[in-house]
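Position in the sequence shown (from 1) plus 6 gives the number in our numbering.
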Amino acid sequence: MTTWKATIGGGTKLADVTKKLHNNGKRAISHGTCPGVGIGGHATIGGLGPSSRMWGSCLDHVLEVEVVTADGTIKRASESENSDLFFVDIPQALKGAGAGFGIITKFVVKTHPEPGNIVQYSFSLTFGKHADMVPVFKQWQDLISDPNLDRRFGTEFVAHELGAVITATFYGTEAEWNASGIPKRIPKGKVSVVIDDWLAVITQQAEDAALYLSDIRTSFTVRSLAFTAEEILSESTIANMMNYLDKTPHGTLLWFLIFDATGGAISDVPMNATAYSHRDKIMFCQGYGIGIPVLTQATKDFLSGLVNTIQASTPQTLTTYPGYVDPSLANPQQSYWGPNLRTLESIKTKYDPKDLFHNPQSVRTNK
7 MTTWKATIGG GTKLADVTKK LHNNGKRAIS HGTCPGVGIG GHATIGGLGP
57 SSRMWGSCLD HVLEVEVVTA DGTIKRASES ENSDLFFVDI PQALKGAGAG
107 FGIITKFVVK THPEPGNIVQ YSFSLTFGKH ADMVPVFKQW QDLISDPNLD
157 RRFGTEFVAH ELGAVITATF YGTEAEWNAS GIPKRIPKGK VSVVIDDWLA
207 VITQQAEDAA LYLSDIRTSF TVRSLAFTAE EILSESTIAN MMNYLDKTPH
257 GTLLWFLIFD ATGGAISDVP MNATAYSHRD KIMFCQGYGI GIPVLTQATK
307 DFLSGLVNTI QASTPQTLTT YPGYVDPSLA NPQQSYWGPN LRTLESIKTK
357 YDPKDLFHNP QSVRTNK
(Lines of atoms letter the chains of each structure in order from A and count residues from 1; the text may use other names and numbers.)
(Lines give C-alpha, C1' and ligand atoms only; values in the text may rest on other atoms or scores of the structure.)
Protein backbone atom coordinates (compact mmCIF):
# COMPACT_ATOMS: atom_id res chain seq x y z
CA MET A 1 0.00 0.00 0.00
CA THR A 2 1.42 3.40 -0.97
CA THR A 3 1.54 5.85 1.93
CA TRP A 4 2.64 8.82 -0.20
CA LYS A 5 5.02 9.87 2.54
CA ALA A 6 8.35 11.36 1.50
CA THR A 7 11.68 11.19 3.33
CA ILE A 8 13.74 14.34 2.81
CA GLY A 9 17.28 15.10 3.99
CA GLY A 10 17.65 18.20 6.15
CA GLY A 11 19.96 19.97 3.69
CA THR A 12 17.75 19.57 0.61
CA LYS A 13 16.84 22.80 -1.18
CA LEU A 14 13.22 23.56 -2.03
CA ALA A 15 13.91 23.45 -5.77
CA ASP A 16 15.11 19.87 -5.41
CA VAL A 17 12.20 18.95 -3.13
CA THR A 18 9.76 20.09 -5.80
CA LYS A 19 11.51 18.19 -8.60
CA LYS A 20 11.98 14.96 -6.64
CA LEU A 21 8.37 14.86 -5.49
CA HIS A 22 7.20 15.55 -9.04
CA ASN A 23 9.36 12.76 -10.43
CA ASN A 24 8.06 10.29 -7.84
CA GLY A 25 4.33 10.18 -8.33
CA LYS A 26 3.64 13.85 -9.11
CA ARG A 27 3.33 14.68 -5.43
CA ALA A 28 3.69 18.03 -3.68
CA ILE A 29 3.91 19.77 -0.32
CA SER A 30 3.31 23.35 0.68
CA HIS A 31 6.44 25.53 0.73
CA GLY A 32 7.79 28.93 -0.24
CA THR A 33 8.97 30.18 -3.62
CA CYS A 34 12.70 30.70 -2.91
CA PRO A 35 14.41 27.72 -4.56
CA GLY A 36 17.70 28.18 -2.70
CA VAL A 37 16.14 27.84 0.76
CA GLY A 38 16.84 24.57 2.57
CA ILE A 39 14.05 22.40 3.93
CA GLY A 40 15.88 22.10 7.26
CA GLY A 41 15.22 25.70 8.21
CA HIS A 42 12.02 26.12 6.24
CA ALA A 43 10.10 23.22 7.80
CA THR A 44 11.25 24.01 11.34
CA ILE A 45 10.30 27.71 11.36
CA GLY A 46 6.99 27.60 9.48
CA GLY A 47 7.48 27.52 5.74
CA LEU A 48 4.95 29.74 4.00
CA GLY A 49 4.10 30.01 0.32
CA PRO A 50 1.29 30.42 -2.23
CA SER A 51 -0.27 27.04 -1.42
CA SER A 52 -0.21 27.50 2.37
CA ARG A 53 -3.77 28.81 2.60
CA MET A 54 -4.87 25.58 0.88
CA TRP A 55 -2.62 22.96 2.51
CA GLY A 56 -1.15 24.63 5.59
CA SER A 57 2.46 25.58 6.24
CA CYS A 58 5.43 23.39 5.40
CA LEU A 59 5.87 22.39 9.04
CA ASP A 60 2.25 21.21 9.15
CA HIS A 61 3.28 18.44 6.71
CA VAL A 62 5.98 17.00 9.01
CA LEU A 63 5.07 13.57 10.43
CA GLU A 64 8.42 12.35 11.71
CA VAL A 65 11.98 13.61 12.15
CA GLU A 66 15.47 12.33 12.80
CA VAL A 67 17.12 14.84 15.13
CA VAL A 68 20.45 15.37 16.90
CA THR A 69 19.82 16.74 20.39
CA ALA A 70 22.11 18.75 22.65
CA ASP A 71 23.38 15.62 24.40
CA GLY A 72 24.76 14.36 21.08
CA THR A 73 22.29 11.55 20.56
CA ILE A 74 20.35 10.85 17.38
CA LYS A 75 16.68 10.15 17.87
CA ARG A 76 13.62 9.57 15.74
CA ALA A 77 10.44 11.29 16.81
CA SER A 78 6.89 10.75 15.64
CA GLU A 79 3.45 10.39 17.13
CA SER A 80 4.23 6.72 17.80
CA GLU A 81 7.95 6.79 18.63
CA ASN A 82 9.46 8.86 21.45
CA SER A 83 6.13 10.65 21.64
CA ASP A 84 6.51 11.23 25.36
CA LEU A 85 9.75 13.11 24.73
CA PHE A 86 9.22 14.76 21.37
CA PHE A 87 5.62 14.90 20.29
CA VAL A 88 4.42 16.21 23.63
CA ASP A 89 6.87 19.05 24.04
CA ILE A 90 9.93 18.99 21.75
CA PRO A 91 7.89 18.89 18.52
CA GLN A 92 6.23 22.08 19.62
CA ALA A 93 9.75 23.48 19.54
CA LEU A 94 11.01 21.71 16.41
CA LYS A 95 7.88 22.72 14.49
CA GLY A 96 8.25 26.49 14.63
CA ALA A 97 11.43 27.22 16.60
CA GLY A 98 13.64 24.35 15.52
CA ALA A 99 17.00 26.11 15.29
CA GLY A 100 17.16 26.52 19.06
CA PHE A 101 16.47 22.89 19.95
CA GLY A 102 18.31 20.47 17.68
CA ILE A 103 19.61 19.62 14.24
CA ILE A 104 17.08 17.77 12.13
CA THR A 105 18.86 15.54 9.64
CA LYS A 106 15.80 13.89 8.11
CA PHE A 107 12.10 14.65 7.67
CA VAL A 108 9.20 12.36 6.86
CA VAL A 109 6.35 14.41 5.41
CA LYS A 110 2.87 13.80 4.10
CA THR A 111 2.34 14.79 0.47
CA HIS A 112 -0.55 15.78 -1.77
CA PRO A 113 -1.31 15.03 -5.41
CA GLU A 114 -0.13 17.93 -7.55
CA PRO A 115 -3.03 20.20 -8.50
CA GLY A 116 -4.15 19.36 -12.03
CA ASN A 117 -4.68 22.95 -13.12
CA ILE A 118 -3.35 26.22 -11.76
CA VAL A 119 -4.23 29.76 -12.74
CA GLN A 120 -1.43 32.31 -12.37
CA TYR A 121 -2.59 35.90 -12.30
CA SER A 122 -0.40 38.98 -12.22
CA PHE A 123 -0.55 42.61 -13.14
CA SER A 124 1.78 45.55 -12.92
CA LEU A 125 0.91 49.06 -11.87
CA THR A 126 3.15 52.01 -12.67
CA PHE A 127 2.37 55.32 -11.02
CA GLY A 128 3.90 58.76 -10.84
CA LYS A 129 3.48 58.58 -7.06
CA HIS A 130 2.98 55.72 -4.64
CA ALA A 131 0.17 57.76 -3.09
CA ASP A 132 -1.86 56.90 -6.20
CA MET A 133 -1.81 53.25 -5.08
CA VAL A 134 -3.86 53.81 -1.91
CA PRO A 135 -7.20 52.64 -3.38
CA VAL A 136 -5.50 49.72 -5.15
CA PHE A 137 -3.88 48.43 -1.97
CA LYS A 138 -7.12 48.97 -0.03
CA GLN A 139 -9.03 46.88 -2.58
CA TRP A 140 -6.43 44.09 -2.41
CA GLN A 141 -6.43 44.13 1.41
CA ASP A 142 -10.25 44.02 1.51
CA LEU A 143 -10.09 40.90 -0.65
CA ILE A 144 -7.52 38.99 1.39
CA SER A 145 -9.20 39.87 4.71
CA ASP A 146 -12.44 38.17 3.68
CA PRO A 147 -12.86 35.21 6.11
CA ASN A 148 -14.65 33.26 3.37
CA LEU A 149 -11.92 33.77 0.76
CA ASP A 150 -11.37 30.60 -1.29
CA ARG A 151 -8.46 28.69 0.26
CA ARG A 152 -7.14 27.73 -3.15
CA PHE A 153 -6.10 31.36 -3.61
CA GLY A 154 -2.70 32.80 -2.65
CA THR A 155 -1.55 36.35 -3.41
CA GLU A 156 1.06 39.06 -2.82
CA PHE A 157 1.13 42.83 -3.20
CA VAL A 158 4.67 44.08 -3.91
CA ALA A 159 5.47 47.80 -3.89
CA HIS A 160 8.79 48.86 -5.45
CA GLU A 161 10.58 51.92 -6.82
CA LEU A 162 8.44 52.23 -9.96
CA GLY A 163 5.02 51.13 -8.73
CA ALA A 164 3.59 47.78 -7.68
CA VAL A 165 2.96 44.23 -8.79
CA ILE A 166 0.11 42.03 -7.61
CA THR A 167 0.55 38.30 -8.09
CA ALA A 168 -1.99 35.58 -7.46
CA THR A 169 -2.10 31.81 -7.72
CA PHE A 170 -5.35 29.85 -7.85
CA TYR A 171 -5.17 26.07 -7.56
CA GLY A 172 -7.99 25.04 -9.85
CA THR A 173 -9.32 25.36 -13.38
CA GLU A 174 -10.00 28.64 -15.14
CA ALA A 175 -13.73 27.96 -14.81
CA GLU A 176 -13.32 27.50 -11.04
CA TRP A 177 -11.22 30.67 -10.89
CA ASN A 178 -13.96 32.65 -12.59
CA ALA A 179 -16.68 31.03 -10.47
CA SER A 180 -14.84 31.98 -7.26
CA GLY A 181 -15.70 35.63 -7.85
CA ILE A 182 -12.12 36.68 -7.16
CA PRO A 183 -11.46 38.09 -10.68
CA LYS A 184 -14.21 40.64 -10.08
CA ARG A 185 -12.76 41.69 -6.73
CA ILE A 186 -9.02 41.83 -7.35
CA PRO A 187 -7.60 45.19 -8.55
CA LYS A 188 -7.37 45.61 -12.29
CA GLY A 189 -4.24 46.66 -14.11
CA LYS A 190 -2.05 45.29 -16.89
CA VAL A 191 -3.26 41.72 -16.49
CA SER A 192 -1.57 38.46 -17.38
CA VAL A 193 -3.40 35.17 -16.79
CA VAL A 194 -1.57 31.88 -17.40
CA ILE A 195 -3.04 28.38 -17.09
CA ASP A 196 -0.33 25.89 -16.17
CA ASP A 197 0.65 22.87 -14.08
CA TRP A 198 2.31 22.62 -10.66
CA LEU A 199 5.95 22.18 -11.68
CA ALA A 200 5.80 24.93 -14.30
CA VAL A 201 4.17 27.33 -11.84
CA ILE A 202 6.74 26.68 -9.09
CA THR A 203 9.57 27.27 -11.56
CA GLN A 204 7.97 30.42 -12.97
CA GLN A 205 7.36 31.92 -9.53
CA ALA A 206 11.04 31.61 -8.73
CA GLU A 207 12.25 32.95 -12.06
CA ASP A 208 9.85 35.91 -12.15
CA ALA A 209 11.13 37.19 -8.83
CA ALA A 210 14.78 36.43 -9.67
CA LEU A 211 14.80 34.35 -6.53
CA TYR A 212 17.61 32.14 -7.73
CA LEU A 213 19.72 35.02 -6.43
CA SER A 214 19.15 33.46 -3.02
CA ASP A 215 22.39 31.59 -3.71
CA ILE A 216 24.30 34.88 -4.16
CA ARG A 217 25.54 36.89 -1.18
CA THR A 218 24.24 40.47 -1.02
CA SER A 219 24.12 43.24 1.56
CA PHE A 220 20.57 44.02 2.62
CA THR A 221 18.38 45.14 5.49
CA VAL A 222 14.95 43.77 6.31
CA ARG A 223 11.98 44.59 8.54
CA SER A 224 8.77 42.65 8.95
CA LEU A 225 5.32 42.76 10.56
CA ALA A 226 2.32 40.45 10.99
CA PHE A 227 -1.36 41.37 11.09
CA THR A 228 -4.52 39.79 12.45
CA ALA A 229 -7.88 40.70 10.92
CA GLU A 230 -8.25 43.38 13.60
CA GLU A 231 -4.82 44.86 12.84
CA ILE A 232 -5.01 45.36 9.07
CA LEU A 233 -4.23 48.82 7.75
CA SER A 234 -6.85 51.54 7.77
CA GLU A 235 -7.20 53.71 4.68
CA SER A 236 -5.48 56.59 6.49
CA THR A 237 -2.57 54.32 7.46
CA ILE A 238 -2.27 53.11 3.87
CA ALA A 239 -2.13 56.75 2.77
CA ASN A 240 0.54 57.55 5.37
CA MET A 241 2.57 54.55 4.24
CA MET A 242 2.41 55.47 0.56
CA ASN A 243 3.21 59.12 1.28
CA TYR A 244 6.21 57.97 3.28
CA LEU A 245 7.42 55.92 0.29
CA ASP A 246 7.14 59.03 -1.92
CA LYS A 247 8.81 61.54 0.38
CA THR A 248 11.56 59.65 2.22
CA PRO A 249 15.05 59.02 0.76
CA HIS A 250 15.47 55.30 0.19
CA GLY A 251 19.25 55.11 -0.02
CA THR A 252 18.87 52.55 -2.82
CA LEU A 253 16.87 51.97 -5.99
CA LEU A 254 16.44 48.30 -5.14
CA TRP A 255 13.85 47.97 -2.40
CA PHE A 256 10.65 45.98 -2.02
CA LEU A 257 7.68 46.11 0.33
CA ILE A 258 5.93 42.75 0.15
CA PHE A 259 2.52 42.03 1.65
CA ASP A 260 1.33 38.43 1.42
CA ALA A 261 -1.92 36.74 2.41
CA THR A 262 -1.91 33.98 5.01
CA GLY A 263 -4.52 32.17 7.10
CA GLY A 264 -6.82 29.55 5.59
CA ALA A 265 -5.65 26.02 6.44
CA ILE A 266 -2.84 27.42 8.58
CA SER A 267 -5.45 28.77 10.99
CA ASP A 268 -7.09 25.35 11.42
CA VAL A 269 -4.27 24.14 13.69
CA PRO A 270 -4.53 25.14 17.38
CA MET A 271 -2.15 27.91 18.44
CA ASN A 272 -0.41 25.73 21.05
CA ALA A 273 -0.08 22.62 18.86
CA THR A 274 3.30 23.82 17.52
CA ALA A 275 5.72 26.65 18.27
CA TYR A 276 4.38 28.58 15.27
CA SER A 277 2.30 31.31 16.92
CA HIS A 278 0.80 33.14 13.94
CA ARG A 279 -2.23 30.95 13.28
CA ASP A 280 -4.44 34.01 13.78
CA LYS A 281 -2.66 36.18 11.19
CA ILE A 282 -4.13 37.00 7.78
CA MET A 283 -1.30 39.14 6.33
CA PHE A 284 2.46 39.53 6.60
CA CYS A 285 4.62 42.45 5.52
CA GLN A 286 8.32 42.28 4.62
CA GLY A 287 10.41 45.30 3.73
CA TYR A 288 13.75 44.78 1.94
CA GLY A 289 16.46 47.28 1.09
CA ILE A 290 19.42 45.97 -0.92
CA GLY A 291 22.81 47.66 -0.95
CA ILE A 292 24.25 48.58 -4.35
CA PRO A 293 27.15 48.00 -3.96
CA VAL A 294 27.02 48.39 -0.15
CA LEU A 295 24.20 48.86 2.31
CA THR A 296 23.86 52.43 3.58
CA GLN A 297 22.49 53.85 6.81
CA ALA A 298 19.95 55.77 4.74
CA THR A 299 18.40 52.49 3.58
CA LYS A 300 18.26 51.16 7.14
CA ASP A 301 16.62 54.39 8.31
CA PHE A 302 14.15 54.24 5.42
CA LEU A 303 12.88 50.80 6.42
CA SER A 304 12.83 51.61 10.13
CA GLY A 305 10.77 54.71 9.46
CA LEU A 306 8.41 52.72 7.27
CA VAL A 307 7.75 50.21 10.05
CA ASN A 308 7.26 53.04 12.54
CA THR A 309 4.74 54.68 10.20
CA ILE A 310 2.69 51.48 10.06
CA GLN A 311 3.08 50.68 13.76
CA ALA A 312 2.00 54.19 14.80
CA SER A 313 -1.56 53.46 13.69
CA THR A 314 -1.93 50.34 15.84
CA PRO A 315 -2.38 50.52 19.63
CA GLN A 316 -0.79 47.11 20.22
CA THR A 317 2.74 46.13 19.23
CA LEU A 318 2.68 44.16 15.99
CA THR A 319 4.45 40.80 16.01
CA THR A 320 6.16 38.97 13.17
CA TYR A 321 6.93 35.54 11.74
CA PRO A 322 10.44 34.25 12.60
CA GLY A 323 10.95 33.11 9.02
CA TYR A 324 10.99 36.79 8.08
CA VAL A 325 13.91 37.62 10.36
CA ASP A 326 13.98 41.16 11.73
CA PRO A 327 17.37 41.79 13.42
CA SER A 328 16.23 45.14 14.83
CA LEU A 329 13.59 43.72 17.17
CA ALA A 330 14.04 44.69 20.82
CA ASN A 331 12.33 41.50 22.05
CA PRO A 332 12.47 39.06 19.13
CA GLN A 333 11.49 35.96 21.09
CA GLN A 334 8.22 37.51 22.25
CA SER A 335 7.51 38.89 18.78
CA TYR A 336 8.18 35.56 17.08
CA TRP A 337 6.62 33.07 19.49
CA GLY A 338 4.23 35.14 21.63
CA PRO A 339 1.87 32.96 23.70
CA ASN A 340 4.03 29.87 23.15
CA LEU A 341 7.26 31.42 24.42
CA ARG A 342 6.99 30.40 28.08
CA THR A 343 6.41 26.77 27.13
CA LEU A 344 9.32 26.89 24.69
CA GLU A 345 11.62 28.31 27.37
CA SER A 346 10.73 25.42 29.67
CA ILE A 347 11.44 22.89 26.91
CA LYS A 348 14.73 24.66 26.14
CA THR A 349 15.76 24.52 29.81
CA LYS A 350 14.97 20.81 30.00
CA TYR A 351 16.66 19.62 26.80
CA ASP A 352 19.33 22.25 26.08
CA PRO A 353 20.18 23.86 29.45
CA LYS A 354 23.57 25.10 28.23
CA ASP A 355 22.03 26.76 25.16
CA LEU A 356 24.17 24.79 22.71
CA PHE A 357 21.77 25.56 19.86
CA HIS A 358 22.02 29.33 20.01
CA ASN A 359 21.57 32.25 17.67
CA PRO A 360 20.98 35.92 18.53
CA GLN A 361 17.19 35.53 18.36
CA SER A 362 16.61 31.90 19.35
CA VAL A 363 14.59 30.74 22.35
CA ARG A 364 16.46 31.10 25.65
CA THR A 365 16.31 28.98 28.80
CA ASN A 366 14.15 30.25 31.64
CA LYS A 367 17.04 30.39 34.09
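Virtual Cβ for every residue (Gly too), placed ideally from N, Cα, C.
For the pair the segment 47-63 and the segment 271-284, tell me if three or more CB-CB distances fall below 8 Å.
Output reads yes: the segment 271-284 touches the segment 47-63.
Hey, quick one: how far does the beta strand (DSSP E) through Arg82 stretch, first residue to last?
Ile80 to Ser84
From the DSSP output, read off the bridge partner residues of Met60.
None; Met60 has no bridge partner.
Whose C-beta lies closer than 8 Å to the C-beta of Arg33 among residues of the same chain, with five residues either side of it excluded?
Trp10, Ala12, Leu27, Thr117, His118, Pro119 and Glu120
Would Phe93 be called buried (16 or more neighbouring beta carbons within 10 Å of its own) or exposed?
Because Phe93 carries a pLDDT of 45, less than 50, the predicted location of this residue cannot be relied on, and no value is offered for it.
Are the Cβ atoms of Thr173 and Glu180 separated by less than 8 Å?
no
On the CB-based measure, 16 or more other CB atoms within 10 Å of its CB, does Glu241 come out buried or exposed?
exposed
For Thr234, which residues of its own chain have a beta-carbon under 7 Å away from its beta-carbon, when the five flanking residues on both sides are left out?
Leaving aside the five residues that flank Thr234 on each side, the residues in its chain whose CB is nearer than 7 Å to its CB run, in chain order, Asp286, Lys287 and Ile288.
Taking only three categories from DSSP, how would you classify Val300?
coil
Can you name the start and end residues of the alpha helix (DSSP H) that Ser352 belongs to?
It spans Leu347 to Tyr357 - the alpha helix (DSSP H) in which Ser352 sits, taken as one unbroken run.
Among all the DSSP beta bridges, which residues are the ones paired with Asp66?
Paired residue(s): none; Asp66 is not in a bridge.
Out of Arg157, Glu182 and Thr258, point me to the one whose CA is closest to Ile272's CA.
Distances from the CA of Ile272 to each of Arg157, Glu182 and Thr258 were compared; the closest alpha carbon is that of Arg157.
Ignore the nearest five residues each way along the sequence and tell me which others in Phe133's own chain have a CB closer than 7 Å to its CB.
The answer, listed in chain order, is Met139 and Gly169.
Curious, which full-length alpha helix (DSSP H) runs of at least 4 residues does the segment 250-317 contain?
303-317
Can you give me the start and stop residues for the beta strand (DSSP E) that Gln126 sits inside?
Ile124 to Thr132
If Met247 and Ile316 are in contact, beta carbons under 8 Å, what's the gap, nearest whole angstrom?
6 Å
Tell me the DSSP secondary structure of Ala215 in three-state form.
The pLDDT assigned to Ala215 is 49, lower than 50, so where the model puts this residue is not dependable, and the model offers no usable value.
In whole angstroms, what is the alpha-carbon distance linking Gln322 and Cys64?
29 Å
To which residues does DSSP link Phe233 through a beta bridge?
Met289
Could you pull the DSSP bridge partners for Pro119 from this structure?
DSSP, once it has assigned bridges, lists Arg33 as partnering Pro119.
Which of the three DSSP states, helix, strand or coil, is assigned to Pro321?
coil
Pick out whichever of Phe159, Leu100, Lys144 and Leu155 has its Cα sitting closest to the Cα of Val125.
Here the closest residue by C-alpha is Phe159.
Considering Cα atoms alone, identify which of Val23, Ala137 and Asn337 is closest to Val43.
In this structure, Val23 is the residue among Val23, Ala137 and Asn337 with its C-alpha nearest to the C-alpha of Val43.
Could you spell out the range, first to last residue, of the beta strand (DSSP E) harbouring His166?
Phe159 to His166
Where does Ser89 land, buried or exposed, given buried means 16+ other C-beta within 10 angstroms?
With a pLDDT of only 49 at Ser89, under 50, the local geometry of the prediction cannot be trusted, and the value read off the model is given with reservation. The residue in question, Ser89, is exposed, as its Cβ has fewer than 16 Cβ neighbours within 10 Å.
In whole angstroms, what is the alpha-carbon distance linking Ser36 and Ala21?
12 Å
Can you tell me the Cα-Cα spacing of His136 and Val228, whole angstroms?
20 Å
Output yes if chain B places a C-beta closer than 8 Å to the C-beta of Asp77; else output no.
Here chain B cannot be found, since the structure has a single protein chain.
Lys360 lies in the beta strand (DSSP E); which residues open and close that run?
Premise fails: Lys360 is in no beta strand (DSSP E) and is neither H nor E.
Pull up the distance between the alpha-carbon of Ala267 and that of Phe290, whole angstroms please.
7 Å
Just tell me which of Ile296, Ser186 and Ile192 has its CA closest to the CA of Leu149.
Ile192
Tell me the residue span of the beta strand (DSSP E) that contains Gly169.
Segment Gly169 to Phe176, the beta strand (DSSP E) holding Gly169.
If you draw a straight line from the C-alpha of Thr18 to the C-alpha of Gly46, how long is it?
When only Cα atoms are considered, Thr18 and Gly46 end up about 7 Å apart.
Tell me where the beta strand (DSSP E) around Lys135 begins and ends.
Segment: none, Lys135 is in no beta strand (DSSP E) and carries neither H nor E.
Pull up the distance between the alpha-carbon of Trp343 and that of Thr371, whole angstroms please.
14 Å
When you compare each of Lys144, Phe226, Glu236 and Ser151 to Lys194 by their alpha carbons, which one comes out closest?
Lys144
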